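First up is the structure itself, then whatever we jot down about it.
Protein chains: 2
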Amino acid sequence: MAAHMHKTRRAPAPTIKTLAEITGYSIATISKALRESPVVAPVTRDLIFKAAREVGYQANARGMALRTGKSFQAAVLMPVTAARDYEWDGVEYTQILSGVSQALDGTDYRMSVHVIRDAADGAEAARRIVDQGLADGLIFSGILADDPRIDLLVDHHFPFVSMGRCRKDLDYAHVDIDNEWAAHAATARLLAGGHRRIALVNPERRFSYAMDRLDGFARAFREAGIAASADLIVEGDLSTHFGRQSVIDLLQVAEPPTAFVCINESTTLGVLSGLGSLGRQVGVDVDVIAYDDINVSAYFTPPITTFYQPIEVLGRTLGQFLLKRMEGEDPKALRQVFRPTLIERQPDNLGGRLA
Amino acid sequence: MAAHMHKTRRAPAPTIKTLAEITGYSIATISKALRESPVVAPVTRDLIFKAAREVGYQANARGMALRTGKSFQAAVLMPVTAARDYEWDGVEYTQILSGVSQALDGTDYRMSVHVIRDAADGAEAARRIVDQGLADGLIFSGILADDPRIDLLVDHHFPFVSMGRCRKDLDYAHVDIDNEWAAHAATARLLAGGHRRIALVNPERRFSYAMDRLDGFARAFREAGIAASADLIVEGDLSTHFGRQSVIDLLQVAEPPTAFVCINESTTLGVLSGLGSLGRQVGVDVDVIAYDDINVSAYFTPPITTFYQPIEVLGRTLGQFLLKRMEGEDPKALRQVFRPTLIERQPDNLGGRLA
DNA sequence: AAGGAAAATAAAAACGTTTTTATTTTGACA
DNA sequence: TGTCAAAATAAAAACGTTTTTATTTTCCTT
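Line by line, the protein sequences are chains H and B. Sequential numbering of the first sequence, starting at 1, is according to our numbering. Sequential numbering of the second sequence, starting at 356, is according to our numbering.
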């Protein structure tokens, strides 16, 4: 141990200049060699790579960023509602971020997260990201039927992938869940079980996927030749509170529903809570089919039938698509719609009394 | 409208050079003026600001970053376990990110999120962030009793704020929940209600807060002069599955517990599910007290008593502390331990039959 | 062996800042 | 009015890259 070991001065990180000095080549050659440009001789390339490995060279992201004008950031807009008592909100985002991060692993891109509080906030964030070059690509969800972010980004030729589709015919990369199909399947299942008065607990109508679900719901009735129980459609934020309140409201109408189609875990928990507090038993007095974000419906009492799609897979696809988009790939080639799998945990016909 | 309106060529974003040309000052003066340096005359400063506003000047983050060596990134390590069926995991992180983001709002800092899969991964991520200067500050949670990240960052004088305290006596900024207190309070409450056989559903012992909770649990028994039901302590990942399995295991012992102290929402749901499937009724056969991450226990059937702390507040504090740390403030001044509030929803004495 | 094209490398400029150093302008004082 | 310090501004260098342009080296052809 050296006698005077005052705060070990860390050696400055090696740069291409360091490598130039070590190898005797110019920084231009170093730069080209490191990026495997064909103009530098293979033998010198190898030499330079070796030197780089030896000194532990790491390209300085800031230098690259300035010169290339890129930020090496993949931005994700994460919605968080401001409502005080609505803290379940956005639980699935952990999975999305995890998936995106997986896709980005091993690339030069980092993931930056921009929290947005509503649609307007999201549009503003997107604009800031484009204008200031805060990121090289963007991922976002909560797509509106007519979403200003999609318009903006398409217009600016800015690489992005949306989770969800808007209702305009535009070319853009996206990943989605087949909500029309899922809502149809859930409704058809209940109709087949003998239910006629079916409630749909749905998101607000401005969301594109709310429309998709309405479509699926209507189609199931249409195909069964039965008039849809349109008066049992409720729309709201997807909070637990909303789910609970919906049940309380719906069970007071003249012909109350015998079944519920729920949109996510949070509302489902609210619906179950509401039913419980009114003394109704799931599987006996009413049936509930849900869409499951975080695979937790198995633990509800009783376990209920759900449609399930591992959200992390969507996240990973979002990330992969974004990488390709940032490399200039045609957005037309970057679209995928996932069909969730049905997990049956109940007969969904009031224990056989309906079918 | 111009006749030939081919793809509107966007004017390049104004730089300090643009401002220099407009105002006639040198770029040096522009730079100093914009950062309100006292060496530039107030009248010219105002002039330059006016020009900047007029052309919509926005400092180029990449240029700043290169010159200053800063990244203007505040990094957050977000843990996500790989386990396939454990998707509830990390639900509270949305709230943390939201809080951090709120604190960062209006500053030059952006939030980047690094997903980590375990403790080793986290240590590696921290090292990469320090070595490559990927961020100017770091926030992380899931603190181990002896956490290598804290050692590393303290050693490197790298600004960070941890959510949770390690069990070493070091000077570092942190935010925490008073887990010792909460576990003590929950246990004492159950003891006062007449319970003697109390189960503790706890995280793995390597986590610092697991130790804190063990301490609080033990202290409650000690203060009551009763031998702790140490054989009813279970430790595991905090999945719903673990909660459920714990109940199934614990109810098979010779003297089974009459009450459960749970650590988070996820395990609590599992515990309730397990109790339900064994036909035990909460509030009748057993009592459950939980710690509530996302304020959803009110919707469990029946609602249970919890300790609750809005996690977003912690997130905000983490962000605020990090900003101060990055400005060089003494970490000793940046510590805060929150006591969650008790939300009573049950008598917690088996409906009066114990007290 | 000279000439010239091709290959390899080097030099220089540029990206947008900040900071250090140098120069000019101002204003007080004798 | 000339001198000098202080105030204000300008010039230049630097951060670490990439890219364009220039130079040198290699090697083939005659």
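Glycine is no exception: its CB is placed at the ideal position from the N, C-alpha and C atoms. Keep in mind that this is a model prediction, so the values were computed, not measured.
Figure out for me which residue from the options has the closest Cα to the Cα of residue i.
i        : options                                   : result
Arg544/B : Val556/B, Glu535/B and Ala575/B           : Ala575/B
Thr613/B : Ala420/B, Arg708/B and Thr370/B           : Arg708/B
Leu769/B : Arg520/B, Ser563/B, Phe513/B and Leu605/B : The first residue shown for chain B is 356 and the last is 710, placing residue 769/B beyond what the model contains.
Pro148/H : Asp131/H, Leu134/H and Cys166/H           : Cys166/H
Arg551/B : Pro558/B, Asp642/B, His469/B and Val468/B : Asp642/B
Val608/B : Lys425/B, Ile553/B, Pro434/B and Asp476/B : Ile553/B
Ala417/H : Ala65/H, Ala74/H and Ile16/H              : What is shown of chain H runs 1 to 355, which leaves residue 417/H out entirely.
Met64/H  : Ile48/H, Val91/H, Met78/H and Ser31/H     : Ser31/H
Ala135/H : Ile226/H, Val271/H, Leu77/H and Ala59/H   : Leu77/H
Pro203/H : Leu214/H, Gly194/H and Asp330/H           : Leu214/H
Ala540/B : Ser496/B, His512/B, Gly549/B and Phe572/B : Phe572/B
Gly638/B : Pro657/B, Ser621/B and Gly629/B           : Pro657/B
Arg206/H : Ile143/H, Val313/H, Asp171/H and Leu232/H : Ile143/H
Glu667/B : Glu447/B, Thr373/B and Ile377/B           : Glu447/B
Asp237/H : Ala224/H, Leu278/H and Ala210/H           : Ala210/H
Val589/B : Glu578/B, Arg577/B, Phe615/B and Gly580/B : Phe615/B
Closer than 7 Å, CB to CB, is residue i near chain B or not?
i        : result
Ala2/H   : Low local confidence applies: a pLDDT of 40 at Ala2/H is under 50, so the model's placement there is unreliable, with the coordinate-based value given in what follows. By this cut-off, Ala2/H is not an interface position.
Met5/H   : For Met5/H, the pLDDT reaches just 41, beneath the cut-off of 50, and the residue's location in the model is therefore unreliable, although a value from the coordinates is still provided. Cβ-Cβ to chain B under 7 Å: no for Met5/H.
Val115/H : yes
Ala65/H  : yes
Asp196/H : Going by the sequence as given, residue 196/H is Arg instead of Asp. No, because no Cβ of chain B sits closer than 7 Å to the Cβ of Arg196/H.
Gln336/H : no
Leu269/H : yes
Arg62/H  : yes
Ser162/H : no
Val80/H  : yes
Ser229/H : no
Gln132/H : yes
Ser141/H : no
Arg339/H : no
Is it right to say residue i is buried, meaning 16 or more other beta carbons lie within 10 angstroms of its own, or is it exposed?
i        : result
Pro12/H  : exposed
Ala396/B : exposed
Leu97/H  : buried
Lys362/B : Model confidence at Lys362/B stands at a pLDDT of 42, short of 50, so the residue's coordinates are unreliable; what they give is reported in the following sentence. The residue is exposed, with fewer than 16 neighbouring Cβ atoms inside 10 Å.
Ala582/B : exposed
Asn704/B : buried
Gln664/B : buried
Val247/H : buried
Thr305/H : buried
Ala103/H : buried
Ser621/B : buried
Gln95/H  : buried
Asp212/H : buried
Thr384/B : buried
Arg35/H  : exposed
Ser456/B : buried
Leu633/B : exposed
Gly683/B : exposed
Is there a C-beta anywhere in chain H that falls below 7 Å from the one on residue i?
i        : result
Leu452/B : yes
Met466/B : yes
Thr363/B : The predicted model places Thr363/B with a pLDDT of 49, which falls under 50 and marks its position as unreliable; any figure quoted below should be read in that light. It does not: the Cβ of Thr363/B has no partner Cβ on chain H nearer than 7 Å.
Gly477/B : no
Gln311/B : Only positions 356 to 710 of chain B appear in this structure, which leaves residue 311/B out of reach.
Tyr564/B : no
Gly631/B : yes
Thr542/B : no
Tyr448/B : yes
Ser628/B : yes
Which residues, taken in chain order from the stretch 290-307 of chain H, show a beta carbon closer than 7 Å to some beta carbon of chain B?
-> Ile294, Asn295, Val296, Tyr299 and Thr301
Compile a chain-ordered list of the residues in the stretch 591-604 of chain B whose CB is closer than 9 Å to at least one CB of chain H.
-> Thr595, His596, Gly598 and Arg599
The stretch 648-665 of chain B touching the stretch 676-685 of chain B, judged by at least three CB pairs closer than 8 Å = no
According to a CB-to-CB cut-off of less than 7 Å, which residues of the stretch 342-353 of chain H neighbour chain B?
-> none
At a cut of 8 Å, does the stretch 160-175 of chain H reach the stretch 233-246 of chain H through at least three beta carbon pairs?
-> no
Mind the definition here: the stretch 264-273 of chain H touches the stretch 233-243 of chain H only if three or more C-beta pairs lie below 8 Å; say whether that holds.
-> yes
Using 8 Å as the threshold, is the stretch 531-540 of chain B in touch with the stretch 679-699 of chain B, meaning 3 or more CB pairs across them?
-> yes
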